[in-house]
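Residue numbers (the numbering used here), protein chains in the order written: chain A, 1 to 319; chain B, 1 to 70. To keep things clear, I will list the structure first and then write my remarks on it.
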Amino acid sequence: MSLVGEGADFRGPIAAATRLAEPSLATVGDYIALMKPRVMSLVVFTALVGMVVAPGSLHPMIGFTALLCIAVGAGAAGALNMWYDADIDAIMTRTQRRPVPMGRVQQGEALAFGLTLAGFAIVVLGLLVNMLAAALLAFTIFFYVVIYTIWLKRSTPQNIVIGGAAGAFPPMIGWAAATGSLSLEPILLFMIIFFWTPPHFWALALYRTQDYARAGIPMLPVVAGETSTRRHILLYTLILVPLGVAPWALGFAGMLYGLTAAVTGSIMLALALQVFSERQPAERAARQLFAFSILYLFLLFAVLLVERGWGGLIARLAA
Amino acid sequence: MGRADRPVGGVIDGIAMNEHPKDDGIVLTEAQKRARRSRSIAIALALAALVILFYVMTLVKGPIVLVRPI
């Protein structure tokens, strides 16, 4: 199986040379698109939760600066991902309208943009917040771009299992920004996102198998088949659901969180079982699991934010 | 769109060094000019925001801003 799909000829030297001679038509909107704003918003949200649940107080301006740097760092990682993946983005239906495959932004511009943003985000976070948070942000960008995008994505069906760590780091960065240290609680938040990522992406890959196969990405359904993927989805969901409840069980979160995690975790498990057992129509069950997995993660973190954020604020005001 | 040959010394294509043929350089289309202007404004705003951010954060952190344990 070719790992680089056919038809991705825009990396050719003639095309590149021709494009270099043309002044750019890229707009600000194209550069914003390079930063994957939807992914960025999820990163900011989970980092905010990590920051709010951390003990102690944090000046709002320092908190804002940390979130800004984390957002820009996530955007940098997105731009660098689009720089490297331009060839496969051009083949996949889901990604072919991105600025680089559309020809609105050149690959070199995406690379320069990503590196510049990454540099600024890390340096500013280190100078204005703290070095641990900056080091974690630098490692996250490195992990997403080098370990996931350049190495794992095209070489192993475990790509999103290991690469998922990159998406799991933001709550730890948020916690580190607030406290200057790490503890079990942010690691637990990391574990929840880490074990949430495989069922989420494999559900998507189940109904986008042909897209991934055409681009030569060895996603689990492409390499190991649908049956194995369904089994893996169920296995990871069985690990995820108790992890989701763990913050309440360990006393980090309150009753509302525990209840939400139990109910939504049960639905998540039921949907994973449906994906596991239902053969026809296979796509519907996978789509339902994919959609609900987003809501599941959002609810867990939102309830934690409400409980610890608003709860903490009310407690401070009452005191 | 393209670059005209620019004599840098001696005689090029019969044009002496002290003669200056019409050189328009790269001529941008209106769309390219608009895109460049929007990019320039965005960069200016980002730099201004960075200056304000450092200024405000210096006020917020006070003298401790210079204390930087690793």
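Using N, Cα and C, we set each Cβ at its ideal position, and we do this for glycine too.
CB contact below 8 Å: residue i versus chain B
| i | result |
| --- | --- |
| V28(A) | yes |
| I267(A) | no |
| P37(A) | no |
| I62(A) | yes |
| P23(A) | yes |
| F128(A) | For clarity, residue 128(A) is Leu in the given sequence; the question names Phe instead. Answer yes: the Cβ-Cβ gap between L128(A) and chain B drops below 8 Å somewhere. |
| T156(A) | no |
| T65(A) | yes |
Cβ-Cβ distance between residue i and residue j below 8 Å
| i | j | result |
| --- | --- | --- |
| A26(A) | P99(A) | yes |
| T229(A) | P221(A) | yes |
| T140(A) | A176(A) | no |
| M172(A) | P157(A) | no |
| A224(A) | L289(A) | no |
| Q233(A) | P199(A) | The amino acid at residue 233(A) is misidentified as Gln; the sequence shows Ile. Against a cut-off of 8 Å, the Cβ pair of P199(A) and I233(A) comes out as a contact. |
| A246(A) | L188(A) | yes |
| G75(A) | M131(A) | no |
| I147(A) | A168(A) | no |
| A66(A) | G174(A) | yes |
| P170(A) | A47(A) | yes |
| A270(A) | G244(A) | no |
| T237(A) | M268(A) | yes |
| L125(A) | A134(A) | yes |
With 16 other Cβ atoms within 10 Å as the buried cut-off, status of residue i
| i | result |
| --- | --- |
| Y55(B) | exposed |
| H59(A) | exposed |
| R34(B) | exposed |
| T29(B) | exposed |
| I122(A) | buried |
| L184(A) | exposed |
| V8(B) | Confidence is the limiting factor: at V8(B) the pLDDT is only 49, short of 50, which leaves the residue's position unreliable, though a coordinate-based value still follows. Result: exposed. |
| V129(A) | buried |
| D30(A) | buried |
| D23(B) | exposed |
| E307(A) | buried |
| I41(B) | exposed |
| A272(A) | buried |
| V105(A) | buried |
| I70(A) | buried |
Closer than 8 Å to chain A by CB, residue i
| i | result |
| --- | --- |
| I64(B) | no |
| L47(B) | no |
| A44(B) | no |
| R37(B) | no |
| V56(B) | yes |
| L52(B) | Before going on, a small fix: residue 52(B) reads as Ile here, not Leu. No, its Cβ sits nowhere closer than 8 Å to a Cβ of chain A. |
Cα-Cα separation, residue i to residue j
| i | j | result |
| --- | --- | --- |
| L240(A) | K61(B) | 40 Å |
| L115(A) | R284(A) | 40 Å |
| S181(A) | L68(A) | 20 Å |
| F10(A) | D89(A) | Because F10(A) carries a pLDDT of 44, less than 50, the predicted location of this residue cannot be relied on, and the following value inherits that uncertainty. Answer to the nearest angstrom: the Cα atoms are 12 Å apart. |
| G73(A) | F201(A) | 22 Å |
| T149(A) | G78(A) | 10 Å |
| I32(A) | M40(A) | 11 Å |
| S293(A) | Y144(A) | 21 Å |
| L47(B) | L235(A) | 48 Å |
With a threshold of 8 Å, are at least 3 pairs of Cβ atoms found where one atom belongs to the region 206–215 of chain A and the other to the region 86–97 of chain A? Under the 8 Å Cβ criterion, the region 206–215 of chain A counts as touching the region 86–97 of chain A, having at least three qualifying pairs.
Three or more C-beta pairs under 8 Å: does that hold for the region 108–118 of chain A against the region 66–82 of chain A? With the cut-off at 8 Å, the region 108–118 of chain A and the region 66–82 of chain A touch.
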